[in-house]
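S.K.:
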Amino acid sequence: MNDAFPKGFLWGGAAANTALDWQRLLSGTPAIPAGVAAGKVAAPLEQLTADTLPANWPAVLELIRTIGYKTLRVTLDWAVLCREGRQPEAQLLETYRQIFMQCQRDGIEPIVVLTTGTLPPTLATAKVDWTDRQVITQFAGYCQTMLLTFKEWVHYWIAFDDVNATFVQPRGPKLTRQAQFQALHHQLVASAEVVQLAHRVNPDNWVGCQLRGRFNYPESGQPADVLTSQKTLAINNWVCGDVQVRGSYPYFTKRYLEIQHVHLHTERNDLATLRAGKVDFLAVNYVPAGDAESDPDGLRLYLNTVYGRYGVPVLLTTTGRSDLTDDQRITQLKANIEAMHVAIEDGVDLIGYVPREYLNLSHPQAGTSQAHWLPTKSVYWYRKVIASNGADLGLDNLAIKWGLK
Numbered sequence: 150m151n152d153a154f155p156k157g158f159l160w161g162g163a164a165a166n167t168a169l170d171w172q173r174l175l176s177g178t179p180a181i182p183a184g185v186a187a188g189k190v191a192a193p194l195e196q197l198t199a200d201t202l203p204a205n206w207p208a209v210l211e212l213i214r215t216i217g218y219k220t221l222r223v224t225l226d227w228a229v230l231c232r233e234g235r236q237p238e239a240q241l242l243e244t245y246r247q248i249f250m251q252c253q254r255d256g257i258e259p260i261v262v263l264t265t266g267t268l269p270p271t272l273a274t275a276k277v278d279w280t281d282r283q284v285i286t287q288f289a290g291y292c293q294t295m296l297l298t299f300k301e302w303v304h305y306w307i308a309f310d311d312v313n314a315t316f317v318q319p320r321g322p323k324l325t326r327q328a329q330f331q332a333l334h335h336q337l338v339a340s341a342e343v344v345q346l347a348h349r350v351n352p353d354n355w356v357g358c359q360l361r362g363r364f365n366y367p368e369s370g371q372p373a374d375v376l377t378s379q380k381t382l383a384i385n386n387w388v389c390g391d392v393q394v395r396g397s398y399p400y401f402t403k404r405y406l407e408i409q410h411v412h413l414h415t416e417r418n419d420l421a422t423l424r425a426g427k428v429d430f431l432a433v434n435y436v437p438a439g440d441a442e443s444d445p446d447g448l449r450l451y452l453n454t455v456y457g458r459y460g461v462p463v464l465l466t467t468t469g470r471s472d473l474t475d476d477q478r479i480t481q482l483k484a485n486i487e488a489m490h491v492a493i494e495d496g497v498d499l500i501g502y503v504p505r506e507y508l509n510l511s512h513p514q515a516g517t518s519q520a521h522w523l524p525t526k527s528v529y530w531y532r533k534v535i536a537s538n539g540a541d542l543g544l545d546n547l548a549i550k551w552g553l554k
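In this note's numbering, each residue's number is its place in the sequence shown (first place is 1) plus 149.
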């Protein structure tokens, strides 16, 4: 592939608000913060502090600057930042302020996801969840603090990480359909309030929503199978997507809720809030069908489908599996980037790519600290891809001097 991506394309990667995920930027093994026995899983969220999240952030940012990142997607966690009460901890806010400030100095645009949907301990202890409407107000207060605190350094925001995940890949405790949709409705209203807050704080803010996307292939060309595939695609994606991008539920929602025996409790101003809180862009966490390492054809189809439906800029996040060898990782990313390029030629306004699956580095040199890791071939390769703005996906000329201190 010889054609470069559009000028200003946001190449980058992603890191979550855990010691484990930040550590993956520097190693292929979990971080073991103080107080956690060696050999066990990385520190749980409750052990996250200003010292462990992430203690090595200057080295992390130096590494991604050297790779050539244009953007870094950071997923915060309301449950962590507000674990001691309703207000975020000052030390953690200061750590993130320094991180985002340094990103801007290095020409790296942060994209901040405000929560994974997990509730702070004060709410969880009171046995309050997203089915309770009071959570909307408390979440909006947390988001306002984030928006004001980081307004100088963060201009891309996403309220929820994979808000539709309960449909595509269910996780967490199993809820009744009634509870599931009630909680989702409250999250969608909360997202709309965050969009309006962000635009009031800074009219130049871009606020998006993130969907966990998957293209659903019909089992055959028979009409019944095609219809089943279309319905699955619609429920998994358009319920959340339409509300956040178009400002209202899709036409089929009423009938679907009736079939599921769900009675959605809404308040008078909800529909107006949804209409006023439409997002500026759509982020897609693409999940390949089945257990495939990647699904480039499905990716192209999905990008064309969502852009054709919504017509807003699309940001692509994770696109495949992370449990791959280094060579498999390159093969996966190369196929996805080629599919992205074709989708752009199709007319899709794709503005960036922030994968996480390639962040795996080799062991450190003898005598060096954990902050001095040797990059694997896939990191060299991704660095070259970024430097060429996606024009050079070849494997030649990777043996170059890295330049880490």
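Even glycine gets a Cβ: it sits at the ideal position worked out from N, Cα and C.
Tell me, please, which residues DSSP counts as bridged to residue 222.
M.R.: Note: residue 222 sits in a beta bridge opposite 163 and 260.
S.K.: Look at the alpha carbon of residue 434 and the alpha carbon of residue 416, and state the distance between them as a whole number of angstroms.
M.R.: If I take the Cα positions, the gap works out to 31 Å.
S.K.: For residue 262, which residues in the same chain have their Cβ closer than 6 Å to its Cβ, ignoring the five residues on either side in sequence?
M.R.: These residues qualify, in order along the chain: 224, 307 and 310.
S.K.: So, using beta-carbon positions, are residue 296 and residue 347 closer together than 7 Å?
M.R.: Yes, the Cβ-Cβ distance between residue 296 and residue 347 is below 7 Å.
S.K.: Give me the Cβ distance between residue 160 and residue 535, rounded to the nearest whole Å; I'm assuming they're in contact under 8 Å.
M.R.: That pair is a contact at about 4 Å.
S.K.: Does residue 340 pass the burial test, meaning 16 or more other C-beta atoms within 10 Å, or should it be called exposed?
M.R.: Buried is the call here.
S.K.: So, using beta-carbon positions, are residue 359 and residue 239 closer together than 7 Å?
M.R.: Result no, Cβ atoms of residue 359 and residue 239 do not sit closer than 7 Å.
S.K.: Among 397, 244, 384 and 352, which one has its Cα closest to the Cα of residue 365?
M.R.: Here the closest residue by C-alpha is 384.
S.K.: Kindly say whether residue 158, judged by its beta-carbon, lies nearer than 7 Å to any beta-carbon of chain D.
M.R.: Here there is only one protein chain, and chain D is not present.
S.K.: What residues in its chain sit with their C-beta under 6 Å from that of residue 449, if we drop five residues either side in the sequence?
M.R.: Only 488, 491 and 492 meet the Cβ criterion.
S.K.: Starting from the C-beta of residue 252, find all residues in its chain whose C-beta is less than 8 Å away, skip the five residues before and the five after it, and write them out in chain order.
M.R.: So the qualifying residues of the chain are 210, 221, 258, 259 and 302.
S.K.: At the level of alpha carbons, what is the spacing between residue 481 and residue 275?
M.R.: Using only the alpha carbons, I get a separation of about 44 Å.
S.K.: Which term fits residue 410, buried or exposed, when burial requires 16 or more other beta carbons within 10 angstroms of its beta carbon?
M.R.: By the 10 Å Cβ count, residue 410 comes out exposed.
S.K.: Whole angstroms is fine: what's the gap from residue 247's alpha carbon to residue 241's?
M.R.: Answer to the nearest angstrom: the Cα atoms are 10 Å apart.
S.K.: Spatial neighbours of residue 356 within its chain, please: CB distance less than 6 Å, with the 5 preceding and 5 following residues excluded, ordered by chain position.
M.R.: Excluding sequence neighbours, residue 356 sits near 306, 344, 347, 428 and 429.
S.K.: What separation, rounded to the nearest whole angstrom, lies between the Cα atoms of residue 284 and residue 278?
M.R.: Rounded to whole angstroms, residue 284 to residue 278 spans 7 Å at the Cα level.
S.K.: Can the beta-carbon of residue 232 be found less than 7 Å from the beta-carbon of residue 207?
M.R.: No; because the gap between Cβ atoms is not below 7 Å, this pair is not in contact.
S.K.: Measuring CA to CA, which of 273, 316, 272 and 264 is closest to residue 292?
M.R.: Among 273, 316, 272 and 264, the Cα nearest to that of residue 292 belongs to 264.
S.K.: Between 501, 545, 532 and 525, which lies nearest to residue 154 when the distance is taken from Cα to Cα?
M.R.: Of the candidates 501, 545, 532 and 525, the one whose C-alpha sits nearest the C-alpha of residue 154 is 501.
S.K.: Just list the residues that DSSP pairs residue 463 with in beta bridges.
M.R.: In DSSP, residue 463 forms a bridge with 431 and 499.
S.K.: Work out the CA separation of residue 212 and residue 464 for me, nearest whole Å.
M.R.: Cα to Cα, residue 464 sits roughly 23 Å from residue 212.
S.K.: Under the rule that 16 or more other beta-carbon atoms within 10 Å means buried, what is residue 313, buried or exposed?
M.R.: Under this definition residue 313 is a buried residue.
S.K.: Out of 361, 530, 377 and 380, which one is the CA nearest neighbour of residue 476?
M.R.: Nearest of 361, 530, 377 and 380 to residue 476, Cα basis: 530.
S.K.: Give me the Cα-Cα distance between residue 354 and residue 299, rounded to the nearest whole angstrom.
M.R.: If I take the Cα positions, the gap works out to 11 Å.
S.K.: Terminal residues of the continuous alpha helix (DSSP H) containing residue 216?
M.R.: Its alpha helix (DSSP H) spans residues 206-216.
S.K.: Could you spell out where the beta strand (DSSP E) holding residue 358 opens and where it closes?
M.R.: Residues 355-362.
S.K.: Can you round the beta-carbon distance between residue 485 and residue 468 to whole angstroms, since I take them to be within the 8 Å contact cut?
M.R.: Going by Cβ atoms, the distance from residue 485 to residue 468 rounds to 5 Å, so yes, they are a contact pair.
S.K.: Using a 10 Å radius around the Cβ and a threshold of 16 neighbouring Cβ atoms, would you call residue 605 buried or exposed?
M.R.: Since the displayed the chain opens at 150 and closes at 554, residue 605 lies outside it and no answer follows.
S.K.: Reducing DSSP to helix, strand and coil, say where residue 308 ends up.
M.R.: Reduced to three states, the DSSP call for residue 308 is strand.
S.K.: For residue 408, does the count of other Cβ atoms within 10 angstroms reach 16, so buried, or fall short, so exposed?
M.R.: So residue 408 ends up on the exposed side.
S.K.: Out of 373, 426, 436 and 451, point me to the one whose CA is closest to residue 392's CA.
M.R.: Considering only alpha carbons, the answer is 426.
S.K.: In terms of alpha-carbon separation, which member of 442, 527, 336 and 249 lies closest to residue 282?
M.R.: Here the closest residue by C-alpha is 336.
S.K.: Report all residues from its chain with a CB closer than 7 Å to the CB of residue 442; omit the five preceding and five following residues, and keep chain order.
M.R.: For residue 442, where only same-chain residues beyond five positions count, the Cβ hits under 7 Å are 469, 470, 473, 477 and 481.
S.K.: Alpha helix (DSSP H) containing residue 158: first to last residue?
M.R.: Counting along the chain, residue 158 falls outside any alpha helix (DSSP H), and DSSP gives it neither H nor E.
S.K.: Need the endpoints of the alpha helix (DSSP H) that residue 290 sits in, please.
M.R.: Per DSSP, residue 290 belongs to the alpha helix (DSSP H) from 283-298.
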